[in-house]
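Worksheet: the structure to be examined is printed underneath.
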Amino acid sequence: MDFIRLIHKKSFESILHITRRHYITFVPIAFLFIILILVPLVVYWLINQLYPGFLINDPYYQLVILFVSLYYLSLCLFFYSYFIDFYLDILIVTNDRLVDIDQRGLFARTISEVELFQIQDITSEVEGFFPSLFGYGNLVIQTASAIPKVIVHDIPNPHALRQELLDLAAADKKYHREN
Amino acid sequence: MFQTGGITLLSFIITFIVATIAIYTLFLTWYFLQGTNWQQIVEILPNWGTSNNQFGI
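Protein chains in written order, with the numbering used here: chain S, 1 to 179; chain B, 1 to 57.
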């Protein structure tokens, strides 16, 4: 992905971080996908055990094939939509601003942009067993811009990123005061 | 620097898997249904009353 073109990078700007959601948040969906793939095979086995020969007869055989085909194609669509949502949610931090790209489904995307000097307060949250174990959580950024609050979900190392964003915001505020 | 563009390989792998499953599903659908007579008459509830419960001609 061409991030420089995506955020219209300014000449003096340098990209410091490109952060996505923690990969572990995708694992439950991957497991669910694998289980849902196996469901028709289990159902087929069960029907064959209970009613032997039922699925071999016309027109049930054709109907079952069409239904299972539709099921698998729908499953692919559902899984890929979720993956696109996961993969294209990105937080980009430069030395001048913060760009939050929020993908919703296949065809909806919101891009929020906050100047670093407008950041007023940042809260990092790590709540729950798995977030604590794998070190991911939310970042809540309060700003003085038109977007009063930016929430970034499930990013890795939220505490470290909060500290670094606060340092960057302080440096940017100092720069704007002096110029 | 935190985790960044290293996830691109994951994107390729997921796209490849999903595309493979979708194409394989379409192929198997065609493969299992290629001998089907789509013009055949399908009887529903064949023993129900005396009416002719048929779809098709």
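Think of the CB as a built atom: it goes at the ideal place given N, C-alpha and C, for glycine as much as any other residue.
Everything numeric in this text was worked out from a predicted model, so none of it was measured.
The residue from S:Leu161, S:His176, S:Lys173 and S:Gln62 with its alpha-carbon nearest to that of Thr19 of chain S is S:Leu161. Within 7 Å of the CB of Ile14 of chain B, the CB atoms of chain S belong to Phe83, in sequence order along the chain. Rounded to whole angstroms, the separation of the alpha carbons of Tyr60 of chain S and Ile44 of chain B is 12 Å. Not a single CB atom of chain B sits nearer than 8 Å to the CB of Ser74 of chain S. Contact between Val42 of chain B and Phe79 of chain S does not hold, since the beta-carbon distance rounds to 34 Å and is not under 8 Å. If you draw a 10 Å sphere on the C-beta of Ser124 of chain S, you find 16 or more other C-beta atoms in it, and that means buried.
When Cβ pairs closer than 8 Å are counted between the two stretches, the segment 91 to 108 of chain S is seen to touch the segment 5 to 24 of chain S, the count reaching three or more. In this chain, the alpha helix (DSSP H) harbouring His159 of chain S covers Pro158 to Glu178. Counting only Cβ-Cβ distances below 9 Å, Ile41 of chain B has no contacts in chain S at all, with the closest Cβ about 10 Å away. DSSP places Tyr136 of chain S outside any alpha helix (DSSP H); the residue lies instead in the beta strand (DSSP E), whose first and last residues are Tyr136 to Thr143. Assignment of beta-bridge partners to Lys149 of chain S by DSSP yields S:Gln142. Residue environment analysis places Thr143 of chain S among the buried positions, since at least 16 neighbouring C-beta atoms fall within 10 angstroms of its C-beta. Of all C-beta pairs linking the segment 107 to 126 of chain S to the segment 150 to 170 of chain S, three or more are shorter than 8 Å, placing the two stretches in contact. Counting C-beta atoms within 10 angstroms of its own C-beta, Phe26 of chain S has 16 or more neighbours from the protein chains shown and is therefore classed as buried. Taking 8 Å as the threshold, the shortest C-beta distance from Phe79 of chain S to chain B falls below it. Where Gln39 of chain B is concerned, there is no enclosing beta strand (DSSP E), because DSSP gives it neither an H nor an E.
Taking C-beta separations shorter than 6 Å and ignoring five residues to either side along the sequence, the partners of Ile101 of chain S in its chain run Ile90 and Ile111, following chain order. Neighbours of Ser69 of chain S in chain B, taken as residues whose beta carbon is under 8 Å from its own, are Thr25, Leu26, Leu28 and Thr29 in chain order.
In this structure, Asp96 of chain S sits near Glu13 of chain S, with a CB-CB distance shorter than 8 Å. Not one beta carbon of chain B lies nearer than 8 Å to the beta carbon of Tyr44 of chain S.
Leaving aside the five residues that flank Leu73 of chain S on each side, none in its chain has a CB nearer than 6 Å to its CB.
Taking 8 Å as the CB threshold, Gln62 of chain S lines the interface with chain B.
The beta carbon of Phe134 of chain S is closer than 7 Å to those of His22 and Ile24 in its chain, skipping five residues each way along the sequence.
Between the alpha carbons of Phe32 of chain B and Thr8 of chain B lies a gap of roughly 36 Å.
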